[in-house]
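Novice: Mapping to the working numbering: the sequence shown position 593 is 593, numbers consecutive.
Each residue gets a CB set at the ideal place from its N, CA and C atoms; glycine is no exception.
All figures in this text were calculated on a predicted structure; none of them were measured in a lab.
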Amino acid sequence: MHVKWLLLGGLFWAARPLCAHSTLNEVAATDAAEPAFRPSQPLPATEAGRPTAATIITGRITDEKGEGLPGASVLLKGTTVGTASDAQGRFTLTVPDGTTSSTLVVSFLGYVSQEVAVGGRTEVNVALSSDAKSLDEVVVVGYGTQKKSDVTGSVASVPQDRLERLPVANIAQALQGAVAGVTVSTSSGAPGQQPRIQIRGVRSITANTDPYVILDGVPFPGNFNDISPTDIASIEILKDASATAIYGTRGSNGVILVTTKHGKTGKPQIRYNGYGGLDYTPKTLTPMIGPEYVAKYQAFKEQSGFTGAQLAQPVPNTGELDNYNNGVTTDWLNLVQQQGHIQDHNLSVSGGTQDVKYYLSGDYFKQQGTLKGYQFERVSVRSNLDANLTPWLRIGTSAFYASSNDDGGQVNLALALASSPYGVPFNPDGSYKIQPEFPETLILNPLLGLTTTRVSRVNQLTGTGYAEVQPTFVKGLTYRLNLSYSYRPYRFASYSGRAANTNNGAAQITNDERHNYTIENLLIYNKDIGKHHFDLTALYSGQQNTYFTTTQNAGGFINDQTGFNNIGAGGLIPTLSSYDERRALISQMGRLNYSFDSRYLLTLTARRDGSTVFGANASKYATFPSVAVGWNIANEAFLKSLSKVSLLKLRVSYGLTGNEAIGPYQTITGQQQLQYVYGGITATGLRANILGNANLKWEQTASSNIALDFGLFNNRLSGSVEYYDSKTEDLLLARRVPIITGYGTIIDNIGKVQNRGLEVALNTVNIERNDFTWSTNFNFTRTRNKVLELEGGVDDIANNRFIGKPLNAIYDYEMIGIWQVGEDRTGLDPLALPGDVKLRDLNGDGMISGTFDRKYLGTQLPDYTAGLTNTFAYKGLSLRVFFQTAQGILRRNELLNRQDYGGRINQPSEVGYWTPENRSQTRPGLLARNGRGYGYPVDASYTRLKDATLSYTLPQSLLDKVKLGSTSVYVSGRNLYTWTDWIGWDPEQNYTQGNGAGSNIPAGAGPNFPLVRSYVFGLNIGLR
């Protein structure tokens, strides 16, 4: 079956079926029956070999908003005379004299073609309307592309507007709440921190549950911080086994396919995309001010039974008295905070001819955190090149380099919350006072981290290349060779000296590097036989990853002058460590996509992987098959008469995927070196370290999926509903062994986990009238996680794992109130005091016991997540508002478990405390020690106004006067407001108390940094 395809809007006509290896940037072929034309040159008619007079027609091709469409095809009907529009949508067509046709056929991929009568005109302007069916006709799938109508697996495309006009450092931040089945959690707002992505639940207990990332068709070993969001053309997320089994052992946690921008035929297009703005910390916590702090200390003394002079002392420490007596207070939050800002600048050049296309870009991103010392900076460059060398050979390269750093010593927010408002932050000479509440040694100055010299830098260099051969003697056959190499060196160095309360100085230097190699051989064959379409893909590939790291620590420096630059100057014996690993993977894969009359669809996939991480007694190879069927019901004759139904497709799939789940060498028994004293002499010996298991094998996930895709009323109402059920077995967990063996545990294949879920995606065009449209995108995900098996068939209470319950469980006492003065505690909890937490006697034996009175209370996994986007557009003005929610989350709140340590710790005003007078039933007293370790689990559900963007596209008529192409301006806000009952900075954030000197957060650890609220102004300009 021959179909006409356009090369991004009609570079030339062709006659052949769409090949699975075609990209979003090029869907084209040639055919002798309809010869290609070159749009850059006119084709004058001839008569008896002599040129004749010609007519020149000019004009502009635009979309519904008046923006020029680059690469739109303009063809003189019934001839091969044609051209393509330039970057601004303009065209010039030379019509030979004597040509009888006077009708232009104008077309562009994703838009409804038009036939326009020329008449006697020499200027023809055409506005194309979007074709809802063809806009998403081709999507990226594993190892190629596919018509969306033929896709049988679960493949979700990320809305393009989520990748533009948002103040985010990486695309993971733009995914949160935007796609059904994808959960993104942000535990820290620190610049450079990456959100955690999970697709369709937690499928493993100890293994990495991050999705597999494919960048431009090859595995990507870096992270999302390395990729500029502006360089991305599309993102597809593969969720079910039919879509992910093609990646075998790497596909069990889902796959994210990232495609960067490539060049298009036409004159060079120069684009600038940039934004800049401010970041703020939402004021959700406020430490007690002076009078509140004094009142709390007074309450503590009264509850402690202090008398006399002790009772009269207003503050805990003598170092606070001067400020107290003089009415001077310190705003510690103000001292550790600063005005945050964010900026990103991207300059790109793209273009090309019919045979050579290029895309070059450079990007600079910088974010200064709202806490002092935190920052993230990235510089990246990218080059994509595609070339048709011959009619049968096509080659291309994609290379990028990214350099990023989050250098700098950092303040400690937790200590700022705990510090007294009467503390003294600075010495008379302006240096930081180490103990602001002298002689108190528990609380150090939260600014001390700024004196640390710290370097943290990573470089990512990735280069890929491909060669594509299409032999002319076998039509539809393609051989593709993919090669990829990635080099990722990382350097960390820090020095903490006397100004940071490290009297002997401490230096650390870490250097590591990663090398990743990939080679893939792909054989693709497409064939149409009547109404039957066959698409065959075969793969043979190899991957190798190596990692090497060294770390050196030293102390005992006589001064702080050289820092880590002369680490050998330390007087103490340095500690050295190093580690080296290699892992490799060999894979074979075969896939068949079959369709009959675009109604009945079948996908069969099998992949065989062999990994070096497994032991001698188990096969290093495993096979992962999958099958999927689809039925395009809307293409049946009995539904074609129903014009209101534009899409109705049923999809069913089942398959297996795997997970290596362990690192190299974990199958090998190991020992650790140590020093000991024997006969008064220090000697070196060995002790048991790791007990290897040569029988380890893959974790394996069996997953089924059933889905219904629909489109009604010319796709004004469209979407999908999916149900999935996956079971992961042979989990790699630590199994207990008799201690007499010299080891405590051994890694073994034990345990099984299940995930079931419902996903709903809904897109509606609510109003489409004149120049105004209102559209809505909604997604909903409900996942049920359950542990099916554990070692010995019993619960693992120590690790909060319970058969029949979800992972990330909360197992604790049940709080029923606070013990009040006069209540009888002698039988139930004899050690409790008034103000202590009152716990429920679950087994009814008349006493509280850690063994019998704790129970499963809930899980930290959300019950459901959802996202809602409303987009309003009027002419060139557009407003997009996005809400995101996560409900049913239970988390322990460290702030509520804040112990006072002798009344000396400041507390957030929002937390509060019990006194005999206020008789609180939710907050304990100041003497409470929480000896039973109650974790204060509370509801962490939230709904957030995630972002809102107001943009305006300037009229092209105005831009023509200043010689500019498509230009738009926008303002955008992110993390604008959160509705939640959580007490703390944010329900997503990980928080550690940092009460004492020993709990100072290590530099670069990233916690205790609230999510920030951002406001930016952006500008996107096309230059001619």
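I need the straight-line Cα distance from A172 to Q700, nearest angstrom please.
Specialist: Numbered from 1 along the sequence shown, position 172 holds the residue referred to as residue 172. Numbered from 1 along the sequence shown, position 700 holds the residue referred to as residue 700. Taking the straight line from one Cα to the other gives about 26 Å.
Novice: In whole angstroms, what is the alpha-carbon distance linking A554 and I509?
Specialist: Here residue 554 refers to the residue found at position 554 when the sequence shown is read from its first residue. Here residue 509 refers to the residue found at position 509 when the sequence shown is read from its first residue. Just so you know, the alpha carbons of A554 and I509 end up roughly 9 Å apart.
Novice: Which of helix, strand or coil does DSSP assign to G229?
Specialist: Along the sequence shown, one-based indexing puts residue 229 at 229. Going by the sequence as given, residue 229 is Pro instead of Gly. Here P229 sits in helix by DSSP.
Novice: If you follow the alpha helix (DSSP H) that I171 is part of, which residue opens it and which one closes it?
Specialist: For the purposes of this step, residue 171 is taken as residue 171 along the sequence shown, with counting starting at 1. Here the alpha helix (DSSP H) through I171 covers I171 to L175.
Novice: Looking at the secondary structure, which residues open and close the alpha helix (DSSP H) in which L447 lies?
Specialist: By 1-based counting over the sequence shown, the position of residue 447 is 447. First-last for L447: undefined, no H or E at that position.
Novice: Measure the beta-carbon distance from I61 to T122 and round it to whole angstroms, keeping in mind my assumption that it falls under 8 Å.
Specialist: Taking the sequence shown and counting its residues from 1, one reaches residue 61 at position 61. Taking the sequence shown and counting its residues from 1, one reaches residue 122 at position 122. In fact, because the Cβ distance is near 16 Å, the residues do not count as touching under 8 Å.
Novice: Figure out for me which residue from N705, P229 and V1016 has the closest Cα to the Cα of A245.
Specialist: Reading the sequence shown from its first residue, position 245 is the one you call residue 245. The option with the nearest alpha carbon to A245 is N705.
Novice: What are the start and end residues of the beta strand (DSSP E) that includes K727?
Specialist: Along the sequence shown, read from residue 1 onward, the residue named residue 727 stands at position 727. L717 to E729 is the span of the beta strand (DSSP E), which, as asked, contains K727.
Novice: Can you give the Cα-Cα distance for N918 and A295, rounded to whole angstroms?
Specialist: Here residue 918 refers to the residue found at position 918 of the sequence shown. Here residue 295 refers to the residue found at position 295 of the sequence shown. About 13 Å.
Novice: Go through its chain and collect everything with a Cβ distance to R687's Cβ below 7 Å, but skip five positions before and after it.
Specialist: Locating residue 687 in the sequence shown gives position 687, where the first residue counts as 1. Answer for R687: Q671, Q672 and L674, listed in chain order.
Novice: So, is D363 buried or exposed, given that buried needs 16 or more other C-beta atoms within 10 angstroms?
Specialist: Against the sequence shown, residue 363 aligns to sequence position 363. The residue is buried, with at least 16 neighbouring Cβ atoms inside 10 Å.
Novice: Just to confirm, is the Cβ distance from P987 to G858 under 8 Å?
Specialist: Taking the sequence shown and counting its residues from 1, one reaches residue 987 at position 987. Taking the sequence shown and counting its residues from 1, one reaches residue 858 at position 858. Going by C-beta atoms, P987 is not nearer than 8 Å to G858.
Novice: Decide if L1011 is buried, meaning its Cβ has at least 16 other Cβ atoms within 10 Å, or exposed.
Specialist: The residue given as residue 1011 occupies position 1011 in the sequence shown. Looking at its Cβ environment, which holds 16 or more other Cβ atoms inside 10 Å, L1011 is buried.
Novice: For R583, which of helix, strand or coil comes out of DSSP?
Specialist: By 1-based counting over the sequence shown, the position of residue 583 is 583. R583 falls in the strand class under three-state DSSP.
Novice: Grab me the residues of F1017's own chain with a C-beta within less than 7 Å of its C-beta, minus the 5 sequence neighbours each way, in chain order.
Specialist: Taking the first residue of the sequence shown as 1, we reach residue 1017 at position 1017. Excluding positions up to five away in sequence, the list reads Y275, G276, G277 and V971.
Novice: Here's the rule: buried if 16 or more other CB atoms are within 10 angstroms of the residue's CB, otherwise exposed. What is T776?
Specialist: Position 776 of the sequence shown, counting from 1, holds the residue named residue 776. Exposed.
Novice: Going by the DSSP bridge assignment, what does F534 pair with across the sheet?
Specialist: The sequence position of residue 534 within the sequence shown is 534, counting from 1. Note: F534 sits in a beta bridge opposite K527 and Y594.
Novice: Please state if the CB of L647 and the CB of G711 are separated by a distance shorter than 8 Å.
Specialist: Residue numbering aside, residue 711 sits at position 711 when the sequence shown is read from its first letter. Residue numbering aside, residue 647 sits at position 647 when the sequence shown is read from its first letter. Yes. Within cutoff.
Novice: How big is the Cα-Cα spacing for G373 and G563?
Specialist: Residue mapping note: residue 373 aligns to position 373 of the sequence shown, counting from 1. Residue mapping note: residue 563 aligns to position 563 of the sequence shown, counting from 1. Distance between the alpha carbons of G373 and G563 is about 18 Å.
Novice: Alpha carbon to alpha carbon, how far is N559 from G996? Give it in angstroms, no decimals.
Specialist: Within the sequence shown, the letter at position 996 stands for residue 996. Within the sequence shown, the letter at position 559 stands for residue 559. With a pLDDT of 40 at G996, under the threshold of 50, the modelled position of that residue is not reliable, and the figure given next carries that caveat. Going from the Cα of G996 to the Cα of N559 covers about 26 Å.
Novice: Please check the pair P221 and S398, which I expect to be a contact at CB under 8 Å, by giving their CB distance rounded to whole angstroms.
Specialist: Working through the sequence shown from its first residue, we reach residue 221 at position 221. Working through the sequence shown from its first residue, we reach residue 398 at position 398. Contact flag wrong, Cβ pair sits at about 15 Å.
Novice: Just the C-alpha distance for N897 and D812, rounded to the nearest angstrom, thanks.
Specialist: As a working note, residue 897 is residue 897 in the sequence shown. As a working note, residue 812 is residue 812 in the sequence shown. In a straight line, the C-alpha of N897 is about 14 Å away from that of D812.
Novice: Quick one: what does DSSP say D363 is sitting in, helix, strand or coil?
Specialist: Position 363 of the sequence shown, counted from the start, is the residue given in the question as residue 363. The answer is strand: DSSP assigns D363 an E or B state.
Novice: Going by the beta-carbon positions, is the gap between V155 and A243 smaller than 8 Å?
Specialist: For this step, residue 155 is matched to residue 155 along the sequence shown. For this step, residue 243 is matched to residue 243 along the sequence shown. Contact flag set, yes.
Novice: Touching or not, the region 649 to 664 and the region 247 to 257, by the rule of three or more beta carbon pairs under 8 Å?
Specialist: yes
Novice: Here's the rule: buried if 16 or more other CB atoms are within 10 angstroms of the residue's CB, otherwise exposed. What is G998?
Specialist: Within the sequence shown, numbered from 1, the residue matching residue 998 stands at position 998. At G998, the pLDDT of 36 sits below 50, so the modelled position is not reliable; the number obtained from the coordinates is stated separately. With fewer than 16 other Cβ atoms within 10 Å, it is exposed.
Novice: Examine the Cβ distances between the region 304 to 320 and the region 387 to 406 and report whether three or more of them are shorter than 8 Å.
Specialist: Taking 8 Å as the limit for Cβ pairs, the verdict is that the region 387 to 406 does not touch the region 304 to 320.
Novice: Please classify Y913: is it buried, with 16 or more other beta-carbons within 10 angstroms of its beta-carbon, or exposed?
Specialist: In the sequence shown, the residue the question calls residue 913 occupies position 913. By the neighbour-count rule (16 or more Cβ atoms within 10 Å), Y913 is buried.
Novice: Cα-Cα, which of A493, R735, F376 and G692 is closest to T745?
Specialist: Translated into positions along the sequence shown, residue 745 becomes position 745. Among A493, R735, F376 and G692, the Cα nearest to that of T745 belongs to R735.
Novice: In whole angstroms, what separates the C-alpha of R608 from that of L585?
Specialist: Start at 1 with the first residue of the sequence shown, and residue 608 comes out as number 608. Start at 1 with the first residue of the sequence shown, and residue 585 comes out as number 585. Their Cα atoms are separated by approximately 10 Å.
Novice: Taking the beta carbon of E910 as the centre, do at least 16 other beta carbons fall within 10 Å, making it buried, or is it exposed?
Specialist: Here residue 910 corresponds to residue number 910 of the sequence shown, with the count starting at 1. The residue in question, E910, is exposed, as its Cβ has fewer than 16 Cβ neighbours within 10 Å.
Novice: Helix, strand or coil, according to DSSP, for Y991 in the structure here?
Specialist: Here residue 991 corresponds to residue number 991 of the sequence shown, with the count starting at 1. In the structure shown, Y991 sits in coil (DSSP, three-state: anything other than H, G, I, E or B).
Novice: What's the C-alpha gap between V116 and Y272?
Specialist: Here residue 116 corresponds to residue number 116 of the sequence shown, with the count starting at 1. Here residue 272 corresponds to residue number 272 of the sequence shown, with the count starting at 1. Rounded to whole angstroms, V116 to Y272 spans 34 Å at the Cα level.
Novice: Taking only the alpha-carbon atoms, compute the straight-line gap between V645 and I205 and give it to the nearest angstrom.
Specialist: The residue labelled residue 645 in the question sits at position 645 within the sequence shown. The residue labelled residue 205 in the question sits at position 205 within the sequence shown. For V645 and I205, the distance between alpha carbons rounds to 44 Å.
Novice: Going by C-alpha distance, which of T284, Q338, L385 and E440 is nearest Y358?
Specialist: Indexing the sequence shown from 1 puts residue 358 at position 358. The residue among T284, Q338, L385 and E440 with its C-alpha nearest the C-alpha of Y358 is L385.
Novice: Residues in its own chain within less than 8 Å of L69 by CB, not counting five upstream and five downstream?
Specialist: The residue you call residue 69 lines up with position 69 of the sequence shown. The answer, listed in chain order, is G9, I61, T62, D63, S85, G89, F108, Y111 and L128.
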